[in-house]
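Letter 49 of the sequence shown, counting from 1, is numbered 49 in full-length UniProt numbering, and no numbers are missing.
Cβ atoms here follow ideal geometry from the backbone N, Cα and C, with glycine treated the same way.
To keep things clear, I will list the structure first and then write my remarks on it.
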Amino acid sequence: MCYYEKRLKTCLNVLQEESRDLLHFHKNIPFVEVEENNERWIWNVYREYVAKNMPVVIKNACRNWKATKLWSVDYFLEKIPDKDVTVAITPNGYADGLIDVTNNDSHTEFFVMPEERTMKMTEFLNNMTAPKDNFVCYIQKQNSNLLDDFKELINDVDIELNWAQQLFARKPDAVNFWMGDKRAVTSMHKDPYENMYCVINGHKDFILIPPTDLPHVPYKYYPVGTFKNVTPSGYEIEPKLNDSVGDFVVKTTPPINSCQERIKKKPENCKYEMLNWIAVDPLNPKTDLYPNFRKTNVYNVRINEGDCLYLPSLWFHHVQQSHACIAVNYWYDMDFDIKYCYYKMLECLS
């Protein structure tokens with residue numbers, strides 16, 4: 001290791017230590033209570049958490065919604081049984097995650113996206129009440145699907161979320177509906193959005209890592225594929241071949257629901273479209289391969305029914321849930337201010 005590499009490593013360690021001591025929580029993610037007829041709690045959330053890009057649990061934020069009182073498998077069977085819904089289907093629960101693919105005695109780790117199928121809500125709900133092995137269903141479309149695909153349910157929630165609009169001085173870019181199997185897992189990633197995540201039924205378990213720990217979160221290039229023909233007895237993975245011109249992979253602009261970071265440069269001699277993705281699973285981090293991951297500040301928090309998590313932009317997060325858990329989240333575009341500029345510099349240095 002040369003002098004400059006040592007110097008850079010020292011600087012990154014200083015950032016990690018100073019941020020841990022001065023910015024981050026020492027134990028648990030804190031919580032605040034909603035105060036009816038008193039807006040002081042909103043400004044306290046802004047001052048102590050939003051302005052500092054720090055997460056907080058907002059207790060009882062959606063406790064009084066009609067959705068929290070009504071939404072369930074039985075309610076949806078009565079209310080929208082014949083509705084066509086888009087469902088993400090995987091054999092292992094990992095939509096947008098890593099899977100080892102064996103082909104002719106060789107092993108390649110792929111980043112694999114879910115198979116998307118349109119089915120009646122009744123069929124989806126039957127998969128909640130009688131789940132099948134190797135067939136995991138999750139409504140997770142993320143393209144503001146509550147507003148576009150579930151218009152019948154809009155009046156059951158606070159669609160404006162006025163107190164959050166006060167925090168961010170803007171309306172949400174997207175309002176998303178989530179419901180799925182307890183085996184469904186959201187692999188660790190980060191988003192360029194301020195996220196208000198409201199749990200309507202059941203609970204969600206989040207693993208959070210602050211953006212200042214980026215140097216200790218390993219990334220690797222992975223070929224991209226999609227699950228196809230998923231059944232309880234098997235599945236296929238369809239690789240995405242790249243269409244390259246010179247050194248650049250031709251890509252379309254990722255949609256609003258994309259939490260993937262498309263790379264512009266491809267590894268040499270690679271026939272697949274490639275993705276720069278987090279190499280570590282926080283449930284099984286394999287710190288023998290990625291020892292620096294031990295340095296990260298890892299927070300575990302459960303969001304219960306009626307509560308909301310403020311998940312700041314660029315925080316790494318991994319999510320699990322109870323069975324048939326229902327949630328609604330609101331995405332607000334982040335401020336691309338000096339914090340973002342420093343983060344981009346940290347990306348280049350890591």
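Item                                                                                            : Value
DSSP beta-bridge partners of D205                                                               : R302, Q320
Contact check, G306 vs N60, beta carbons under 7 Å                                              : yes
Residues near F150 by beta carbon distance below 6 Å, same chain, minus five either side        : F177
Euclidean distance between Cα positions of K190 and V319                                        : 12 Å
For I207 and V217, the rounded distance between their alpha carbons                             : 14 Å
Assigned exposure category for G234 - 16 Cβ within 10 Å defines buried                          : exposed
CB contact flag (V328, C137, <7 Å)                                                              : no
Exposure of T252, with buried meaning 16 or more beta-carbon neighbours within 10 Å             : In this prediction, T252 has a pLDDT of 30, which is less than 50 and means its spatial position is unreliable; nothing more can be read from the coordinates.
Which listed residue (R302, P215, S144) has its alpha carbon closest to that of P291            : P215
N64 (DSSP reduced to helix, strand or coil)                                                     : coil
Segments assigned alpha helix (DSSP H), at least 4 residues, entirely inside the region 114-188 : 121-129, 145-149, 162-168
Enclosing alpha helix (DSSP H) for W41 [first to last residue]                                  : 40-45
Opening and closing residue of the alpha helix (DSSP H) in which F76 lies                       : 73-79
Option nearest T186 by Cα separation, candidates P282, T122, Y49, Y3                            : P282
K220 in three-state terms, based on DSSP                                                        : strand
Integer-rounded CB distance, given that G93 should sit under 8 Å from D181                      : 7 Å
Closest by C-alpha distance to M121, when choosing among A95, N134, H107, V87                   : V87
Buried or exposed by the 16-neighbour rule on C-beta atoms within 10 Å, applied to V249         : Bear in mind that the predicted position of V249 carries a pLDDT of just 34, short of 50, making it unreliable; the figure below should be weighed with that in mind. Label assigned to V249: buried.
Backbone secondary structure at S106 - three-state DSSP                                         : strand
Within-7 Å CB hit, L167 to chain B                                                              : Going by chain labels, chain B is absent from the structure shown, which holds only one protein chain.
Given 8 Å, three or more beta-carbon pairs between the region 49-66 and the region 310-326      : yes
The region 284-300 in contact with the region 154-162 per 3-pair CB rule at 8 Å                 : no
Nearest residue (CA-CA) to D205, options T118, Y219, R183                                       : R183
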